[in-house]
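Chemist: Mind having a look at this structure? Questions to follow.
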């Protein structure tokens, strides 16, 4: 296990049994390791309103000889991240824009290929069944994973309804929105490095309430796996200064398609009902257009022309 994974694995292993103060330290390190790497134990303690001795005990509790050793590993992780950015600059130096595009797309295809080869079919089937059977499905994805969560919740709502997208800027809001979660419900969490502690706390809370927990994450080393028995892994190797989320999006697409195939009649009824709403309230005219052709550049859409004709007839 490499150094970067090592500290994550140590925190993951100990997290469920940590005290409140140690969990606060773990949360800060997982989300702000680049800051923690350059903070003394005393300064980190002041930042989190815990004692310096608590910070020292935390380092010892996750297997380090002391705070200096843990801090050195955090510094190595920051250096590794910076080196990765430098390697990107070297890799693409002198390349044309088209060559950069080809390289990035090729890397994305490799991620999808790796995900296809490693995805657990049994876990995928279980996730589909859980999402179909749950009374309410909560979806959470923070920071760069937020668009994935929104995309998934949008299409889940098309398929079955009873979807709650957890959009929040603080842990307390997560719990407020999940207040009534129970054993008949499910939560699906999406998270990739750097993992969000808010997502992890949401999954922990759901697990404590006996709700079913599904994760879409990068590997068995992800802290999200602590509270989930149904894990869908998707490759997300860094090809630039950001992580690729193409493979996770493909997994989400596959989930939605599988759900549609399981409940085709429900999906058809939902879409027909939605189409009726659009037509009755002229939503599509106000917000959506089809492909642009030569005629549409100079003429009104048919529905709008019809309304215009009716108005002209009344005058």
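Numbering (the numbering used here), first residue to last: 711 to 1025.
Glycine included, C-beta positions come from ideal geometry on N, C-alpha and C.
#1: Between the region 764–775 and the region 721–728, do at least 3 Cβ pairs fall closer than 8 angstroms?
#2: How about residue 915 and residue 928: are their beta carbons less than 9 angstroms apart?
#3: What are the residues that DSSP puts in a beta bridge with residue 849?
#4: Assuming residue 970 contacts residue 900 (C-beta within less than 8 angstroms), just tell me the rounded distance between them.
#5: Would you decide whether residue 750 is buried or exposed? Buried here means 16 or more other CB atoms lie within 10 Å of its CB.
#6: With distances taken between CB atoms, is the gap from residue 965 to residue 834 smaller than 9 angstroms?
#7: Can you give me the start and stop residues for the alpha helix (DSSP H) that residue 838 sits inside?
#8: If you draw a straight line from the alpha carbon of residue 895 to that of residue 782, how long is it in whole angstroms?
#9: Considering just the uninterrupted stretch of the beta strand (DSSP E) at residue 941, what are its terminal residues?
#10: Indicate the three-state DSSP secondary structure (helix, strand or coil) for residue 739 in the structure shown.
#11: Which same chain residues, not among the five before or five after residue 898, have their C-beta less than 6 angstroms away from its C-beta?
#12: Less than 8 angstroms between the CB atoms is what I'm expecting for residue 844 and residue 922, so what's the real figure, rounded?
#13: Once DSSP output is grouped into helix, strand and coil, what is the label at residue 930?
#14: On the CB-based measure, 16 or more other CB atoms within 10 Å of its CB, does residue 816 come out buried or exposed?
Modeler: Looking at the atomic coordinates:
#1: yes
#2: no
#3: 875 and 898
#4: About 20 angstroms; that fails the 8 angstroms criterion.
#5: exposed
#6: yes
#7: 831–843
#8: 42 angstroms
#9: 940–943
#10: helix
#11: 849 and 924
#12: 7 angstroms
#13: coil
#14: exposed
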